[in-house]
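Q: Structure below; questions to follow.
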Amino acid sequence: MKIIDWYIIRKFLGIFFYAIGLLAVIIIIFDLSEKIDDFIEKDAPLKAIIFDYYLNFIPYLVNMFSALFTFITVIFFTSRMATNTEIVAILSSGISFWRMMRPYLISAAIIGLLSFMLASYVIPITNRSLFSFERTYIKKPKHSQPNNVHLQISPGVYVYVGRYSSYNNTGQNFSIEKIDNSGLYYRLNAEQFSYDSVNHIWSILDYKERFIDSIGERLKEGKRIDTVLNIHPDDFMIDAARLKTLTSPELNEVIAVEKMKGSGAIIALQVEKHSRIAFPFANIILAMIGVAVSSRKIRGGTGLHLGIGLTLTFTYVLFMQISTVYGVYGGLTPIIATWIPNIIFGIMAFFLIRYAPK
-8 MKIIDWYIIR KFLGIFFYAI GLLAVIIIIF DLSEKIDDFI EKDAPLKAII FDYYLNFIPY
52 LVNMFSALFT FITVIFFTSR MATNTEIVAI LSSGISFWRM MRPYLISAAI IGLLSFMLAS
112 YVIPITNRSL FSFERTYIKK PKHSQPNNVH LQISPGVYVY VGRYSSYNNT GQNFSIEKID
172 NSGLYYRLNA EQFSYDSVNH IWSILDYKER FIDSIGERLK EGKRIDTVLN IHPDDFMIDA
232 ARLKTLTSPE LNEVIAVEKM KGSGAIIALQ VEKHSRIAFP FANIILAMIG VAVSSRKIRG
292 GTGLHLGIGL TLTFTYVLFM QISTVYGVYG GLTPIIATWI PNIIFGIMAF FLIRYAPK
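What follows is the structure, encoded as structure tokens:
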């Protein structure tokens, strides 16, 4: 059986890396033809195009299409084995279906581990050079305008920002609240504020201060006050691009800080964290489904198997995208949102294998 194991593993990994490498070359060629005018217009150096952009683009492509090509690979060569009655010969020799699946699971686990390492450590680092190149030679930087941001900048000190523009570092509707065991004892409201990125100073305009103590309340108004606060404009803008440049250890550190602040961005951060863990398991689940679907010899052969496989794969990817959006915006807890597709398709894989020809 070891000979058959190595035969399947070599077939699996060989076809997978060949196919995904070929896809990467095709995508790069089409991408280059689309962006060549931008490169010429911005005088992008050839070295930067190759090493800063496309070389850093490859890990992203490999990870993004790993589950799809795991499934296609399994469907392709297992269907060929079924057509040539190799599957029948293996099962007729007394080998169980689960035992026959072992080399498939080993190969899928190797690809899943590769996907996890890419998503958690490699891609965030390559994205830094990739995004820097895009900002310089392809895309104009986008200016974020976060609204209704609540932050805890230190124990008992809370900041609210109604609106902030990264274009000119200004905002409207700003407040600071300080709370202790007895309740609210200080509040500052301001119509406008701005940030000096050189001196790291916050300028608060048209403000009103409210002091509360055992004697009563005191009010104070002013036109401008310059102060240093334990916040930075980046704290308002945890966007998708920034998430993609954080390695998993860095992401865990940001999550801990945002939890302390009570930031609303914590959900998106947790979804990103759990998706990096959940997505690699798709390689194993889809490999199991692929074996169950393609091990039966049917009329239509490889073509029909590939059609069924692609339908299931795109259904999985669509389901993953929808559940992730619900995790960020729809109220689902991040861990449930990212693992629901794996759970549902894992159950499907179990039943397909159970009723596969033995």
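Quick note on numbering: the sequence shown equals residues -8 to 349 in the numbering used here.
All C-beta atoms in this analysis are idealised placements derived from N, C-alpha and C, irrespective of residue type, glycine included.
Curious, which full-length alpha helix (DSSP H) runs of at least 4 residues does the region 84 to 151 contain?
A: 88 to 108 and 114 to 128
Q: Check Ser173 in the structure and name its three-state DSSP category.
A: Within the sequence shown, numbered from 1, the residue matching residue 173 stands at position 182. The answer is coil: DSSP assigns Ser173 none of H, G, I, E or B.
Q: From the DSSP output, which residues share a beta bridge with Arg154?
A: Position 163 of the sequence shown, counted from the first residue, corresponds to residue 154. Note: Arg154 sits in a beta bridge opposite Asn138 and Gln163.
Q: Around the C-beta of Ser157, are 16 or more other C-beta atoms found within 10 angstroms, so that it is buried, or is it exposed?
A: Counted from its first residue, the sequence shown places residue 157 at position 166. It is buried - the Cβ of Ser157 has at least 16 other Cβ atoms within 10 Å.
Q: Give the range of the beta strand (DSSP E) segment to which Leu52 is assigned.
A: Residue numbering aside, residue 52 sits at position 61 when the sequence shown is read from its first letter. Unbroken run through Leu52 is the alpha helix (DSSP H), Leu46 to Met55; no beta strand (DSSP E).
Q: Under the three-state reduction of DSSP, which class applies to Ser194: helix, strand or coil?
A: What you label residue 194 is simply residue 203 of the sequence shown in a count that begins at 1. Residue state, collapsed to three classes: strand.
Q: Since Gly213 sits in a beta bridge, which residues does DSSP pair it with?
A: The residue labelled residue 213 in the question sits at position 222 within the sequence shown. In DSSP, Gly213 forms a bridge with Tyr198.
Q: With distance defined between alpha-carbon atoms, name the residue in Tyr149, Asp29, Arg215 and Leu59 nearest to Tyr177.
A: Walking along the sequence shown from the start, residue 177 turns up at place 186. Looking at the Cα atoms, Tyr149 is the closest of the given residues.
Q: Suppose contacts are defined by Cβ-Cβ distances below 8 Å. Is Leu277 in contact with Phe62 by that definition?
A: The count along the sequence shown starts at 1 and reaches residue 277 at position 286. The count along the sequence shown starts at 1 and reaches residue 62 at position 71. Taking 8 Å as the Cβ cut-off, Leu277 and Phe62 qualify as a contacting pair.
Q: Closest by CA to Ile17, which one among Ile49, Thr306, Ala58 and Tyr44?
A: If you number the sequence shown from 1, residue 17 lands on position 26. Minimum Cα distance to Ile17 is reached at Ile49.
Q: Have a look at Asn274, Asp187 and Phe42 and flag the residue whose alpha-carbon is nearest the alpha-carbon of Thr161.
A: As a position in the sequence shown, residue 161 is number 170, starting the count at 1. For Thr161, the nearest C-alpha among the options comes from Asp187.
Q: In whole angstroms, what is the alpha-carbon distance linking Trp330 and Ser266?
A: As a first step, residue 330 is located in the sequence shown; it is residue number 339 there, counting from the start. As a first step, residue 266 is located in the sequence shown; it is residue number 275 there, counting from the start. Between the C-alpha atoms of Trp330 and Ser266 there is a straight-line separation of about 8 Å.
Q: Quick one: what does DSSP say Ile19 is sitting in, helix, strand or coil?
A: Taking the first residue of the sequence shown as position 1, residue 19 is located at position 28. Correct three-state label for Ile19: helix.
Q: Should Asn139 go down as buried or exposed, given a rule of 16 or more other Cβ atoms within 10 Å for buried?
A: Position 148 of the sequence shown holds residue 139. Exposed, because fewer than 16 other Cβ atoms sit within 10 Å of the Cβ of Asn139.
Q: Would you check if the distance between the CB atom of Phe272 and the CB atom of Asn172 is smaller than 8 Å?
A: Numbered from 1 along the sequence shown, position 281 holds the residue referred to as residue 272. Numbered from 1 along the sequence shown, position 181 holds the residue referred to as residue 172. No. Outside cutoff.
Q: Is there contact between the region 53 to 62 and the region 297 to 314, where contact requires at least three CB pairs shorter than 8 Å?
A: yes
Q: Please classify Leu242: is it buried, with 16 or more other beta-carbons within 10 angstroms of its beta-carbon, or exposed?
A: Here the question's residue 242 lines up with position 251 in the sequence shown. Label assigned to Leu242: buried.
Q: How about Phe124 and Asp28: are their beta carbons less than 8 Å apart?
A: Numbered from its first residue, the sequence shown carries residue 124 at position 133. Numbered from its first residue, the sequence shown carries residue 28 at position 37. No, these two residues do not count as a Cβ contact at 8 Å.
Q: I need the boundaries of the alpha helix (DSSP H) containing Ala273, first residue and last residue.
A: Taking the first residue of the sequence shown as position 1, residue 273 is located at position 282. It spans Ile257 to Ser285 - the alpha helix (DSSP H) in which Ala273 sits, taken as one unbroken run.
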